[in-house]
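First the structure, in the form of C-alpha cells, and then the observations on it.
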Amino acid sequence: AQSVAQPEDQVNVAEGNPLTVKCTYSVSGNPYLFWYVQYPNRGLQFLLKYITGDNLVKGSYGFEAEFNKSQTSFHLKKPSALVSDSALYFCAVRDEGDYKLSFGAGTTVTVRA
Amino acid sequence: SQTIHQWPATLVQPVGSPLSLECTVEGTSNPNLYWYRQAAGRGLQLLFYSVGIGQISSEVPQNLSASRPQDRQFILSSKKLLLSDSGFYLCAWKHSYEQYFGPGTRLTVT
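Top line first, the protein sequences correspond to chains A and B.
Everything in the first sequence is counted per our numbering, starting at 1 for the first residue and increasing by one.
Everything in the second sequence is counted per our numbering, starting at 1 for the first residue and increasing by one.
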C-alpha cells in the first residue's frame, strides 16, 4: 500500500520569503515522488519528480524538493516566493512497480504582497 | 509535443440523466490513461485507469464506467447521475514516470 500525507492545509508566506510545503510518504518498495500545482478551475501541472539519484531535485518555476529517505519526506521548497505562486499544491507517490499515483490532500499556498 | 484534451469544460445535468465525458491525447501512442475526480477542490480520487485499448481497471465501485474505444481516447460514462457525482473530473496520461493532466470538466448534478 502507498500513501501520502501533507500535514498543512494552508501555508501563508510573504513575497520574497522562503516557501516550504511539507510531504511525507509511505510505500512498500522504492518510491517515485512528485509535486503538482493546481490553479483554480485548472488541471494539475507537473512541477518536479524524484526517481533516483541526487536527493535535491529542481523543477519548474524555481521550485525544488529534497528527498529524505530516513524521514520518508519530500518537502517542496522555493527560496523566494512570488504572489503568483499562490495555488494548491499536491504531493504524490507511487511504488516503483505500480501504475497508480496516490495523492496527498493538498496544501493551499497564499503568498501576500 | 503531446497534448491532452477534455470536453466539455463545464456541464450541468439533472439527477438521473446520462453522462459522457471525453478525453483524447495527441502526440503519443499507447499511453496509460487515467480518470480522477476531485471534490471540493481538494484531494484526487482515482476512478479508472487503462493500459491499452479495451482494458479498463476500476478503482472504486460506483455509478460510473469507463471505456477506451481507441488508443488515445478515454470516455467516462454514467447511465443515471447522482447528486454525489458532482465534482471536477480530470483525465491524465502517463509519460515516462509522471502523469500529465487535462484541463478538467466541472460537473454539477442538480
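Just so you know, even glycine gets a beta-carbon here, dropped at the ideal spot from N, CA and C.
Measure the C-alpha to C-alpha separation of residue i and residue j and round it to an integer number of angstroms.
i, j, result
"ASP71 of chain B", "TYR34 of chain B", "13 Å"
"TYR50 of chain A", "VAL83 of chain A", "26 Å"
"CYS91 of chain B", "ARG68 of chain B", "12 Å"
"GLU98 of chain B", "ALA9 of chain B", "24 Å"
"ALA113 of chain A", "VAL11 of chain A", "14 Å"
Quick one: which chain B residues come within Cβ less than 8 Å of residue i?
i, result
"TYR32 of chain A", "TYR97"
"LYS49 of chain A", "TYR97, GLU98"
For residue i, count neighbouring C-beta atoms within 10 Å of its own C-beta (all shown protein chains included) and say buried if the count is 16 or more, exposed if not.
i, result
"ALA81 of chain A", "buried"
"GLN55 of chain B", "exposed"
"ASP54 of chain A", "exposed"
"ASP9 of chain A", "exposed"
"TYR39 of chain A", "exposed"
"PRO31 of chain B", "buried"
"PRO31 of chain A", "buried"
"VAL15 of chain B", "exposed"
For residue i, verify whether its CB is less than 7 Å away from any heavy atom of the ligand ATP.
i, result
"SER96 of chain B", "The ligand ATP is absent from the structure shown, which contains no ligand whatsoever."
How would you write the range of the beta strand (DSSP E) that residue i sits in, first residue to last?
i, result
"TYR19 of chain A", "Reading the sequence as shown, one finds Leu at residue 19 of chain A and not Tyr. 19-21 is the span of the beta strand (DSSP E), which, as asked, contains LEU19 of chain A."
"TYR61 of chain A", "Run containing TYR61 of chain A: none; DSSP gives neither H nor E here."
"GLU98 of chain B", "98-101"
"GLY106 of chain A", "That residue, GLY106 of chain A, is in no beta strand (DSSP E); it is neither H nor E in DSSP."
"TYR32 of chain A", "31-38"
"LYS78 of chain A", "73-78"
"PRO69 of chain B", "65-70"
"ILE56 of chain B", "55-58"
Residue i touches chain B at which residues, Cβ-Cβ below 7 Å?
i, result
"PHE103 of chain A", "GLY43, LEU44"
"LYS100 of chain A", "LEU46, TYR49"
Going along chain A, which residues have a C-beta under 9 Å from residue i?
i, result
"LEU47 of chain B", "Ordered by position in chain A, no residue passes the 9 Å Cβ test against LEU47 of chain B, which lies about 11 Å from the chain."
Name the chain A residues whose beta carbon is nearer than 7 Å to that of residue i?
i, result
"VAL102 of chain B", "Looking at the sequence itself, residue 102 of chain B is Gly, so the reference to Val does not match. What GLY102 of chain B touches in chain A: GLY43."
Residue i and residue j look like a contact to me (Cβ under 8 Å); what is the Cβ gap, rounded to whole Å?
i, j, result
"LEU47 of chain A", "TRP35 of chain A", "4 Å"
"THR24 of chain B", "HIS5 of chain B", "5 Å"
So with CB distances below 8 Å, who are the chain A contacts of residue i?
i, result
"LEU90 of chain B", "GLY43, LEU44"
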